[in-house]
Ligand code: NAD
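Residue numbers (this note's numbering): 252 to 736.
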């Protein structure tokens with residue numbers, strides 16, 4: 252059995268309870284982990300709270316050296332981490348190798364950005380005065396993470412929060428806790444209690460963490476429903492929150508594009524990690540004049556994708572993370588079909604894989620905005636496509652959503668591009684290159700997709716609070732007005 256990581260030590264749940272982590276490609280048990288209850292969570296928060304006063308004053312250079320060393324460890328153990336990520340989450344191994352490299356890069360990035368500045372000097376209003384703004388850590392930060400990119404989404408919280416001087420209690424998803432526990436080896440040399448991990452089920456372990464008084468900031472990535480619940484709980488303690496939630500990203504394809512190139516981009520954006528990316532393209536709007544040829548090529552390209560054992564080389568798509576998730580996608584497809592949609596390819600369980608949560612990637616047409624498939628996050632390998640009569644209609648439909656995480660356009664037309672960039676509500680806008688991240692580029696959602704940003708300077712500021720310092724460096728009589736004369 253794997254163990255939790257609390258105050259620099261391996262730890263079982265106080266109750267002794269555990270739960271199994273299942274390999275979604277084989278349905279076999281990978282390992283078991285402790286099932287934390289409130290009492291376990293409070294022990295971890297206690298360790299983080301005790302470590303805070305030491306860690307916050309560790310000089311920036313020393314923190315940066317530790318963080319670079321963590322990044323080196325991750326690169327040294329890239330293959331083992333990636334393999335474990337694949338076994339517990341089902342993403343193809345080559346994608347998980349990338350994930351580990353991105354995690355290391357985030358640590359390198361915040362090691363440097365985090366030691367650059369802890370505030371600014373501002374102009375005083377009077378002679379002999381000095382004013383500055385200090386950026387201070389919150390204290391104990393809760394990091395609550397989903398299963399689709401378990402280490403990357405953790406790193407987007409961990410690295411800036413640590414660089415800012417906070418201490419952490421991490422709660423990974425119940426589907427993918429093992430890679431997070433393995434990652435803790437990268438933090439062995441940090442002072443005890445700076446980084447802690449509790450493993451457990453959603454609300455059972457997550458809510459005691461959010462509501463513990465000593466937790467002053469909650470950084471969450473996951474579904475809208477959980478994010479709203481966390482926001483409600485955190486509001487009782489007036490805690491800082493960053494909420495990275497679901498999306499329903501639109502993808503516009505204009506009539507001036509090379510259709511072969513746009514099709515490859517569309518399939519990548521819809522099906523990468525079986526559509527289980529928060530910024531997966533979830534609905535496509537194609538200019539009517541190229542709609543026919545686009546559909547033909549998208550169907551052919553989708554049929555050429557190789558579904559299989561995610562540990563094997565040459566596999567494009569592995570299984571979905573769970574049977575539950577697969578059933579949700581199947582239900583959405585059949586509801587859309589009942590309302591008139593047509594499935595041109597995919598959407599079935601491949602007979603070739605009797606075990607594992609596999610689903611063939613699907614392309615649908617005859618869809619519209621009455622369907623949940625177009626209105627709500629699907630989080631599966633589905634590409635529903637609508638024909639549109641120009642950029643105005645595409646922008647209007649793209650905005651017809653409660654979400655605002657990402658948006659895409661394929662075009663070389665400057666006017667279409669700029670009208671879409673300014674017209675569509677989205678935290679990230681991709682032009683001719685979907686789903687690409689940049690450590691320096693802030694990432695997050697508008698509308699129901701979230702509050703706050705990860706990555707970039709903005710991602711560091713989320714973990715620091717502001718203190719204004721006012722000083723008069725010549726003590727002397729002041730023109731205070733009372734007692735009244
Ligand atoms: P989820 O909301 O079910 O779970 C996310 C995490 O929250 C897990 O660790 C879970 O155990 C925990 N949790 C669940 N209930 C809780 C509660 N009441 N209190 C505290 N913690 C609780 O989401 P998921 O199914 O793991 O992930 C998929 C969702 O994540 C999708 O909606 C996807 O769009 C979203 N996501 C968003 C981003 C982003 O950056 N915006 C990135 C990846 C995934």
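Even for Gly, the Cβ is constructed at its ideal location relative to N, Cα and C.
Continuous alpha helix (DSSP H) stretch holding residue i: start and end
i, result
"residue 717", "Run containing residue 717: none in the alpha helix (DSSP H); it sits in the beta strand (DSSP E), 715–723."
"residue 409", "401–414"
"residue 641", "Looking at the DSSP string, residue 641 is not in any alpha helix (DSSP H), and its letter there is neither H nor E."
"residue 354", "344–364"
Residue from the options whose Cα sits closest to the Cα of residue i
i, options, result
"residue 391", "398, 382, 409", "409"
"residue 411", "644, 704, 540", "704"
"residue 430", "331, 635, 549", "331"
"residue 364", "374, 353, 414", "414"
"residue 633", "480, 366, 527, 308", "527"
"residue 612", "306, 642, 658, 553", "553"
"residue 615", "606, 660, 348, 594", "594"
"residue 642", "322, 537, 277", "537"
"residue 422", "345, 457, 711, 710", "457"
"residue 293", "310, 327, 464, 267", "464"
Range of the contiguous beta strand (DSSP E) that encloses residue i
i, result
"residue 536", "532–538"
"residue 659", "657–661"
"residue 255", "255–257"
"residue 509", "Premise fails: residue 509 is in no beta strand (DSSP E) and is neither H nor E."
"residue 272", "269–273"
"residue 338", "Taken as a continuous stretch (DSSP letters only), residue 338 belongs to no beta strand (DSSP E), being part of the alpha helix (DSSP H) at 329–340."
Own chain partners of residue i with C-beta closer than 6 Å, once the 5 adjacent residues on each side are dropped
i, result
"residue 285", "255, 263, 264, 269, 450"
"residue 718", "385, 387"
Identified DSSP bridge partners for residue i
i, result
"residue 430", "Per DSSP, none; premise fails for residue 430."
"residue 477", "According to DSSP, which records beta bridges pairwise, residue 477 is partnered with nothing at all."
"residue 654", "698"
"residue 303", "Note: residue 303 sits in no beta bridge, so no partner."
Reduced DSSP secondary structure (H/G/I, E/B, other) of residue i
i, result
"residue 697", "strand"
"residue 283", "strand"
"residue 446", "strand"
"residue 579", "helix"
"residue 263", "coil"
"residue 495", "strand"
"residue 464", "coil"
"residue 553", "helix"
"residue 682", "strand"
"residue 380", "strand"
"residue 387", "strand"
"residue 278", "coil"
"residue 247", "The structure shown does not extend to residue 247, since the chain is modelled only from 252 to 736, so the question has no answer here."
"residue 418", "strand"
"residue 625", "helix"
"residue 501", "strand"
Nonlocal neighbours in the same chain, by C-beta distance under 7 Å from residue i, ignoring five residues either side
i, result
"residue 483", "none"
"residue 623", "583, 586"
"residue 302", "418, 442, 443, 444, 445"
Chain-order list of residues whose beta-carbon lies under 8 Å from that of residue i (same chain, five-residue window excluded)
i, result
"residue 738", "Residue numbering for the chain in the displayed model covers 252 to 736; residue 738 lies beyond these limits and cannot be assessed."
"residue 402", "332, 336, 350, 351, 354, 430, 431, 434"
"residue 548", "510, 511, 514"
"residue 724", "379, 380, 381"
Proximity test, Cβ basis, 7 Å: residue i and chain B
i, result
"residue 357", "Absence of chain B from the displayed structure is noted, only one protein chain being present."
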